[in-house]
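*Asks:*
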Amino acid sequence: MDFSYLNHQLYGNPHMAKQPKVSVCLITYKHENYIQTCLDNILNQKTDFDFEIIIGEDHSPDQTASIIQTYADRFPDKIKAYIRPENVGAKVNFLHCFFDCQGEYIVHIEGDDYWTSTDKLQKQVDFLDSHPEASACFHNAQIIYEDGTGREPSLINPLDQAPWIQSTDLLKEREAWFMATASVMMRKKLVKTLPDWFFHSKSGDIPLYVILAEEGPIAYLPETMSVYRKNEGGMSYTDSNKSAAFIYNRIFMYSKINEYTHAKYQDLIKPILFEYHLLLIGITENEHSFLKRCFYLWKASAHSPQKLQLEDWKRLFKEHVFTPESLLAYLNFRKKMNRFFGIRP
Numbered sequence: 001m002d003f004s005y006l007n008h009q010l011y012g013n014p015h016m017a018k019q020p021k022v023s024v025c026l027i028t029y030k031h032e033n034y035i036q037t038c039l040d041n042i043l044n045q046k047t048d049f050d051f052e053i054i055i056g057e058d059h060s061p062d063q064t065a066s067i068i069q070t071y072a073d074r075f076p077d078k079i080k081a082y083i084r085p086e087n088v089g090a091k092v093n094f095l096h097c098f099f100d101c102q103g104e105y106i107v108h109i110e111g112d113d114y115w116t117s118t119d120k121l122q123k124q125v126d127f128l129d130s131h132p133e134a135s136a137c138f139h140n141a142q143i144i145y146e147d148g149t150g151r152e153p154s155l156i157n158p159l160d161q162a163p164w165i166q167s168t169d170l171l172k173e174r175e176a177w178f179m180a181t182a183s184v185m186m187r188k189k190l191v192k193t194l195p196d197w198f199f200h201s202k203s204g205d206i207p208l209y210v211i212l213a214e215e216g217p218i219a220y221l222p223e224t225m226s227v228y229r230k231n232e233g234g235m236s237y238t239d240s241n242k243s244a245a246f247i248y249n250r251i252f253m254y255s256k257i258n259e260y261t262h263a264k265y266q267d268l269i270k271p272i273l274f275e276y277h278l279l280l281i282g283i284t285e286n287e288h289s290f291l292k293r294c295f296y297l298w299k300a301s302a303h304s305p306q307k308l309q310l311e312d313w314k315r316l317f318k319e320h321v322f323t324p325e326s327l328l329a330y331l332n333f334r335k336k337m338n339r340f341f342g343i344r345p
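271 is the number that UniProt numbering gives to position 271 of the sequence shown; each next residue is one higher, with no gaps.
#1: On a CA-only basis, which of Asp196, Phe3 and Leu268 is nearest aspartate 169? Give me that one, please.
#2: Is it buried or exposed, asparagine 338, if we count other Cβ atoms within 10 angstroms and call 16 or more buried?
#3: What span of residues does the beta strand (DSSP E) with lysine 188 cover, start to end?
#4: Taking the C-alpha atoms as reference points, what is the distance between arginine 187 and histidine 131?
#5: Out of Ser289, Lys299 and Thr284, point me to the one whose CA is closest to leucine 273's CA.
#6: So, at 8 angstroms on beta carbons, what are the nonlocal neighbours of phenylalanine 199 in its own chain, with the 5 sequence-adjacent residues on each side left out?
#7: Assuming asparagine 87 and histidine 59 make a contact with CB atoms under 8 angstroms, what is their CB distance in whole Å?
#8: Considering only residues of the segment 31-118, which uninterrupted beta strand (DSSP E) runs meet the minimum length of 3 residues and lie entirely inside it, listed in chain order?
#9: What residues in its chain sit with their C-beta under 7 angstroms from that of glycine 234, if we drop five residues either side in the sequence?
#10: From the beta carbon of phenylalanine 322, is the nearest beta carbon of chain D less than 7 angstroms away?
#11: Need the endpoints of the beta strand (DSSP E) that threonine 28 sits in, please.
#12: May I ask which residues mark the beginning and end of the beta strand (DSSP E) holding methionine 253?
#13: In angstroms, rounded to a whole number, what distance separates the CA positions of glutamate 110 and lysine 46?
#14: In whole angstroms, give me the CA-to-CA distance for tyrosine 228 and proline 207.
#15: By Cβ distance below 6 angstroms, which residues in the same chain neighbour asparagine 41 in space, the five residues on each side in sequence not counted?
#16: In this structure, what does DSSP give as the bridge partners for serine 154?
#17: Let's test the definition: count the other Cβ atoms within 10 Å of the Cβ of lysine 172 and tell me whether it reaches 16, buried, or not, exposed.
#18: For the segment 249-259 and the segment 282-301, state whether three or more C-beta atom pairs, one from each stretch, are separated by less than 8 angstroms.
#19: In the DSSP assignment, what are the bridge partners of lysine 230?
#20: Cβ of leucine 279 within 7 angstroms of Cβ of asparagine 241?
#21: Tell me the DSSP bridge mates of threonine 224?
#22: How would you write the range of the alpha helix (DSSP H) that threonine 168 sits in, first residue to last?
#23: In angstroms with no decimal places, state the Cα-to-Cα distance between threonine 181 and histidine 108.
#24: Please tell me whether isoleucine 53 and valine 24 are closer than 7 angstroms, where the distance is taken between their beta carbons.
#25: For isoleucine 68 versus isoleucine 55, is the C-beta distance shorter than 7 angstroms?
#26: Unbroken alpha helix (DSSP H) runs of length 4 or more, entirely within the segment 186-216: which are they?
#27: Which residue wins for smallest C-alpha separation from threonine 64, given the options Ala81, Gln124, Glu104 and Gln122?
#28: Of all the options His320, Gln166, Asp126 and Glu175, which has the alpha carbon lying nearest to the alpha carbon of lysine 264?
#29: Output the distance between the C-alpha atoms of leucine 147 and glutamate 104, rounded to the nearest integer angstrom.
#30: By how many angstroms is the C-alpha of lysine 230 removed from the C-alpha of tyrosine 145?
Pasting the structure below:
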């Protein structure tokens, strides 16, 4: 994966430290209301080492780019900003900046999140320096709900969060999420190359953390040092469950993770793949077709971790096929067939 063709999009004339201890990989798009808070809390970090900030601004239609340019002009020794003349997409934007990071350790943050401790980087560096067995470390984060739900802020990690994370913890269920992106610090040497399939996965966090965990356990630091804003931008998880493209991509991703880990966790991954195949039954294209839902259930059954018994089939039909919409479609279909064959009700 070579993204050097985007290097010409560098803004200004930065002069960074040649060997920073930490690289902050900051990806931003349409974050004019948040980016200053994000940058201020990065620049306010108290450290006994040099760190750099690599920014990818993905051609936002608001003032995000101009705000970043102002900061890049003020801090040319800290900030290296790429201002995209056209939108390259979140994955390309991230990977270009990620592979440009020169630090021993990398932290990834998005422009609408921010850190709440001025010692965050120092504490994580101190931990990783003293624990060479760890591939990465993360800390707790507060979720602020800006998605219109009115929910009170909450913490991502519970009080009994395990101190060490293995690959199995990331594969216990589909969409396992307990590591806020802005809370993770990783060793660059373990991710300086990534498999080609990573680029085609819509999710970056899940496969990246599995790749890290395969190299060493990921440590949890029980301190809240960042904020994750849950806002209305992007596709909601509920909506994505109705998208065939999203679901097929998740099937691709978990299949590739299974290959990458040489099927060590197949007993965990197979049920996940089965669940995603079941989700295909309810995609938008199949919502009102009883026959299509039956067909996709039959296709999903081929991916079941164990042989389905009669009771399993009954349960799956009840949960995934006989929705109110599909049942109505089925009754209409029966009515038409009865009419065609001259059968009176």
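Virtual Cβ for every residue (Gly too), placed ideally from N, Cα, C.
*Replies:* Reading it off the structure:
#1: Along the sequence shown, read from residue 1 onward, the residue named residue 169 stands at position 169. With respect to the C-alpha of aspartate 169, the residue from Asp196, Phe3 and Leu268 having the closest C-alpha is Leu268.
#2: As a first step, residue 338 must be located in the sequence shown, where it is residue number 338. Asparagine 338 sits exposed, since fewer than 16 C-beta atoms from the chains shown fall within 10 Å of its C-beta.
#3: Along the sequence shown, read from residue 1 onward, the residue named residue 188 stands at position 188. For lysine 188, no beta strand (DSSP E) run applies, since DSSP gives it neither H nor E.
#4: The residue given as residue 187 occupies position 187 in the sequence shown. The residue given as residue 131 occupies position 131 in the sequence shown. If you draw a straight line from the Cα of arginine 187 to the Cα of histidine 131, it comes to about 11 angstroms.
#5: Here residue 273 refers to the residue found at position 273 of the sequence shown. The residue with the shortest Cα to Cα distance from leucine 273 is Lys299.
#6: Against the sequence shown, residue 199 aligns to sequence position 199. Closer than 8 angstroms at the Cβ level, and outside the excluded window around phenylalanine 199, lie Met1, Lys91 and Leu95.
#7: Translated into positions along the sequence shown, residue 87 becomes position 87. Translated into positions along the sequence shown, residue 59 becomes position 59. Distance from asparagine 87 to histidine 59 at the Cβ level is roughly 4 angstroms; contact confirmed, criterion being Cβ atoms closer than 8 angstroms.
#8: Taking only runs of at least 3 residues, the beta strand (DSSP E) segments lying wholly in the segment 31-118 are 51-57, 79-83 and 105-110.
#9: Taking the first residue of the sequence shown as 1, we reach residue 234 at position 234. With a pLDDT of 42 at glycine 234, under the threshold of 50, the modelled position of this residue cannot be trusted, and the question is left open.
#10: The question asks about chain D, but that chain is absent: this structure has only one protein chain.
#11: Here residue 28 corresponds to residue number 28 of the sequence shown, with the count starting at 1. First-last of the beta strand (DSSP E) with threonine 28: 22-28.
#12: The sequence position of residue 253 within the sequence shown is 253, counting from 1. First-last for methionine 253: 244-260, but that is the alpha helix (DSSP H), not the beta strand (DSSP E).
#13: By 1-based counting over the sequence shown, the position of residue 110 is 110. By 1-based counting over the sequence shown, the position of residue 46 is 46. It is roughly 20 angstroms from the alpha-carbon of glutamate 110 to the alpha-carbon of lysine 46.
#14: The count along the sequence shown starts at 1 and reaches residue 228 at position 228. The count along the sequence shown starts at 1 and reaches residue 207 at position 207. When rounded, the distance between both Cα atoms is 20 angstroms.
#15: Locating residue 41 in the sequence shown gives position 41, where the first residue counts as 1. Cβ contact annotation for asparagine 41 (same chain, cutoff 6 angstroms, sequence separation greater than five): Tyr114 and Trp115, in chain order.
#16: On the sequence shown, residue 154 is found 154 positions in, with the first residue counted as 1. In the DSSP assignment, serine 154 forms a beta bridge with Ile143.
#17: Position 172 of the sequence shown, counted from the first residue, corresponds to residue 172. Exposed: under 16 other Cβ atoms inside 10 Å.
#18: With the cut-off at 8 angstroms, the segment 249-259 and the segment 282-301 do not touch.
#19: Here the question's residue 230 lines up with position 230 in the sequence shown. Under DSSP, lysine 230 takes part in a beta bridge, and its partners are Tyr145.
#20: Numbered from its first residue, the sequence shown carries residue 279 at position 279. Numbered from its first residue, the sequence shown carries residue 241 at position 241. Cβ atoms of leucine 279 and asparagine 241: closer than 7 angstroms.
#21: Taking the first residue of the sequence shown as position 1, residue 224 is located at position 224. Threonine 224 is bridged to Asn140.
#22: The count along the sequence shown starts at 1 and reaches residue 168 at position 168. Note, threonine 168: alpha helix (DSSP H), 167-170.
#23: Taking the first residue of the sequence shown as position 1, residue 181 is located at position 181. Taking the first residue of the sequence shown as position 1, residue 108 is located at position 108. Rounded to the nearest angstrom, the two C-alpha atoms are 6 angstroms apart.
#24: Translated into positions along the sequence shown, residue 53 becomes position 53. Translated into positions along the sequence shown, residue 24 becomes position 24. Valine 24 is positioned such that its CB atom lies closer than 7 angstroms to that of isoleucine 53.
#25: Residue numbering aside, residue 68 sits at position 68 when the sequence shown is read from its first letter. Residue numbering aside, residue 55 sits at position 55 when the sequence shown is read from its first letter. In contact: isoleucine 68 and isoleucine 55 (Cβ atoms closer than 7 angstroms).
#26: Counting only runs of 4 or more, we get 196-200 and 205-213.
#27: Reading the sequence shown from its first residue, position 64 is the one you call residue 64. Out of Ala81, Gln124, Glu104 and Gln122, the CA that lies nearest to the CA of threonine 64 is found in Ala81.
#28: As a working mapping, residue 264 is identified with position 264 in the sequence shown. For lysine 264, the closest C-alpha among the options His320, Gln166, Asp126 and Glu175 is that of Gln166.
#29: In the sequence shown, the residue the question calls residue 147 occupies position 147. In the sequence shown, the residue the question calls residue 104 occupies position 104. It is worth fixing the name first, because residue 147 is aspartate in this sequence and not leucine. Rounded to whole angstroms, aspartate 147 to glutamate 104 spans 36 angstroms at the Cα level.
#30: By one-based count along the sequence shown, residue 145 stands at place 145. By one-based count along the sequence shown, residue 230 stands at place 230. A straight line joining the alpha-carbon of tyrosine 145 with that of lysine 230 spans about 5 angstroms.
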